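Residue numbers (the numbering used here): 4 to 522. From the three backbone atoms N, C-alpha and C, an ideal C-beta is built for every residue, glycine too. Keep in mind that this is a model prediction, so the values were computed, not measured. Quick notes on the structure that follows.
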């Protein structure tokens with residue numbers, strides 16, 4: 004995940020010029036928000052699919068060790084980069100949306116802020132590259148940690164234009180930036196890896212492509228949104244202060260998504276040669292590409308629940324809030340379990356279908372990691388609910404439990420493991436343990452705060468359906484890719500069938516979804 008886009012706000016600002024259909028003079032709020040959700044939702048799905056394809060194709064174009072090296076450096080810079088981008092987008096969007104005619108002043112303030120912030124982050128990567136590489140026991144990665152300093156620098160300025168588009172409700176423009184960048188990054192990273200491989204370093208070529216894509220989308224965004232005009236001023240300090248409230252939570256989210264790869268590479272690098280440690284990191288990242296799909300799918304739910312809980316808690320309507328939380332977690336649990344069962348049904352076959360044979364050593368660890376990521380997806384929804392209720396410090400604490408527990412388990416379990424399938428499994432177990440601990444704490448808090456959580460009957464039915472689907476996938480005779488695909492399909496069908504037989508979806512659910520689809 005290399006970019007984050009906020010959901011459309013429920014309260015649009017006064018009309019302003021620009022984007023024609025995106026900015027009707029007298030737009031109905033529900034229609035405008037719905038249109039924004041449609042555009043941004045499409046961009047998110049496109050971003051998710053293109054990102055998966057990009058990483059999958061990269062495993063086909065470069066060696067296992069090179070893929071591991073690229074992934075480690077990319078994950079570290081993305082953790083910092085995504086945090087800065089999310090904070091900038093939300094700050095610029097908030098103050099742009101608050102007052103008509105302020106867009107250029109806020110945009111100017113954002114660019115001035117990034118002149119200091121993005122430059123500082125870029126310089127930090129340049130200067131601290133040896134330290135970061137040493138922490139990972141990977142001194143040969145120093146040149147690439149220095150190279151990626153350009154990425155947060157370019158992204159910082161780009162995020163100002165994205166935030167301005169969001170604040171002006173130019174959702175179509177915002178979505179086009181996401182889609183355009185996804186396409187450019189996929190083409191240039193893969194093309195750069197191929198050309199770089201011919202010249203001696205596919206990793207260098209891939210990062211040149213990444214930087215090139217960031218530069219192109221920055222230029223495009225600046226041309227479309229325009230540089231600031233007029234003489235009005237807005238304080239960059241106000242943007243920076245607002246970002247401070249967003250940064251801690253966003254940083255912990257990105258750490259929860261990425262810290263495990265760094266720790267695995269550190270532990271492996273302490274006991275085996277660099278190339279073998281990089282290759283092991285490459286296998287783990289290939290597993291993560293699959294395991295993160297449920298999290299990315301559940302991310303869309305946070306866009307829906309946030310404004311609903313914001314309003315119900317503001318109005319102190321406990322019953323409505325409890326209903327929102329209960330139903331959201333119910334549907335999210337079913338979706339997470341369905342995706343998890345399908346992806347974990349035949350891990351060896353799935354890895355063989357998607358990757359080269361060397362990646363098959365992650366088969367035992369993949370189901371464990373998938374369970375953990377499903378927990379993280381549900382935790383993300385819980386965190387959105389907590390944030391919407393006005394308790395961001397609680398959400399920060401929940402993610403702190405997740406990261407600290409997972410890291411503690413990693414330091415306990417992983418170093419003693421043999422580099423290979425055992426180390427992969429222990430790393431996945433440690434990460435999943437942290438994610439499960441964070442989710443458990445979140446559910447306890449939601450129950451205490453709102454008297455809400457996933458209904459126990461739903462939990463039991465989902466568990467029964469998941470168990471039946473898992474057994475069904477294992478009893479299919481034979482081996483190979485085709486048999487694996489058949490087993491995956493059977494797992495999905497059995498899961499749905501068992502839920503139907505147990506009457507998890509009743510008349511109320513059918514009526515509700517029929518009404519949604521009619522709209």
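Q. Can you name the start and end residues of the alpha helix (DSSP H) that residue 89 belongs to?
A. 67 to 101
Q) If we call anything under 9 angstroms between Cβ atoms a contact, is residue 260 one with residue 379? A) yes
**Q.** Local Cβ density within 10 Å of residue 110, reported as buried at 16 or more and exposed below that
**A.** buried
Q.
Within a Cβ cutoff of 6 angstroms, which residues of the same chain sit near residue 153, ignoring the five residues on either side of it in sequence?
A. 214
Q) Considering only residues of the same chain and omitting the five flanking positions on each side of residue 383, which have a CB-CB separation below 8 angstroms? A) 256, 298, 301, 302, 305
Q: Within its chain, find whatever has a CB closer than 6 angstroms to the CB of residue 507; leave out the 5 residues flanking it on each side and keep chain order.
A: 464
**Q.** the region 394 to 407 / the region 436 to 450 touching (three or more Cβ pairs under 8 angstroms)
**A.** yes
(Q) I'd like to check one pair, residue 479 with residue 469: are the Cβ atoms closer than 9 angstroms? (A) no
Q | With 16 other Cβ atoms within 10 Å as the buried cut-off, status of residue 253 | A | buried
Q) What residue from 455, 263, 202, 332 has the CA that sits closest to residue 295's CA? A) 263
Q) Can you round the beta-carbon distance between residue 242 and residue 157 to whole angstroms, since I take them to be within the 8 angstroms contact cut? A) Their Cβ separation, rounded to whole angstroms, is 19 angstroms, which puts residue 242 and residue 157 out of contact at 8 angstroms.
Q.
Output needed for residue 412: all residues of its chain with C-beta closer than 6 angstroms, excluding positions within five of it in sequence on either side, in chain order.
A. 433, 436
Q: Can you check the region 90 to 163 for any alpha helix (DSSP H) of at least 4 residues that lies completely inside it and give the ranges in chain order?
A: 106 to 138, 145 to 150
Q. Which class does residue 507 belong to by DSSP, given the choice of helix, strand or coil?
A. coil
Q) Can you give the Cα-Cα distance for residue 151 and residue 345, rounded to whole angstroms? A) 36 angstroms
Q | Buried or exposed (CB count within 10 angstroms, at least 16 for buried), residue 201 | A | exposed
Q | Pair within 9 angstroms by beta-carbon distance, residue 66 and residue 283 | A | no
Q: Would you tell me roughly how many angstroms separate the C-alpha atoms of residue 96 and residue 348, rounded to the nearest one?
A: 42 angstroms
Q. Cα separation between residue 484 and residue 376?
A. 25 angstroms
Q) With DSSP run on the structure shown, which of helix, strand or coil describes residue 320? A) coil
Q) Is the distance from the Cβ of residue 113 to the Cβ of residue 91 below 9 angstroms? A) yes
Q: Please name the residue, chosen from 474, 487, 482, that lies closest to residue 498 on a Cα-to-Cα basis.
A: 474
Q) Once you ignore the five residues that flank residue 285 on each side, which residues in its own chain have a CB closer than 6 angstroms to its CB? A) 67, 70, 71
Q. For residue 61, does the count of other Cβ atoms within 10 angstroms reach 16, so buried, or fall short, so exposed?
A. buried
Q | With 16 other Cβ atoms within 10 Å as the buried cut-off, status of residue 466 | A | exposed
Q: Please say whether residue 278 and residue 75 have beta carbons closer to each other than 9 angstroms?
A: no
Q. When the Cα atoms are used, what is the spatial distance from residue 101 to residue 445?
A. 32 angstroms
Q: Alpha carbon to alpha carbon, how far is residue 275 from residue 426? Give it in angstroms, no decimals.
A: 12 angstroms
Q: Kindly indicate which three-state DSSP category residue 395 falls into: helix, strand or coil?
A: helix
Q. Unbroken alpha helix (DSSP H) runs of length 4 or more, entirely within the region 332 to 406: which are they?
A. 350 to 357, 369 to 391
Q. If you count every other CB in all the chains shown that lies within 10 Å of the CB of residue 359, and 16 or more means buried, which is it?
A. exposed
Q) Excluding five sequence neighbours on each side, which residues of the same chain lie with their C-beta closer than 6 angstroms to the C-beta of residue 442? A) 378, 381, 382
Q) On the three-state DSSP scale, how would you describe residue 229? A) coil
Q. Which residues in the same chain have their Cβ closer than 8 angstroms to the Cβ of residue 537, if we skip the five residues on either side of it in sequence?
A. Look at the range of the chain in this structure, 4 to 522, and you will see that residue 537 is not part of it.
Q. Looking at C-alpha atoms only, which residue of 88, 482, 341, 63 is the closest neighbour of residue 246?
A. 88
Q. Looking at the structure shown, is residue 421 part of a helix, part of a strand, or coil, going by DSSP?
A. coil
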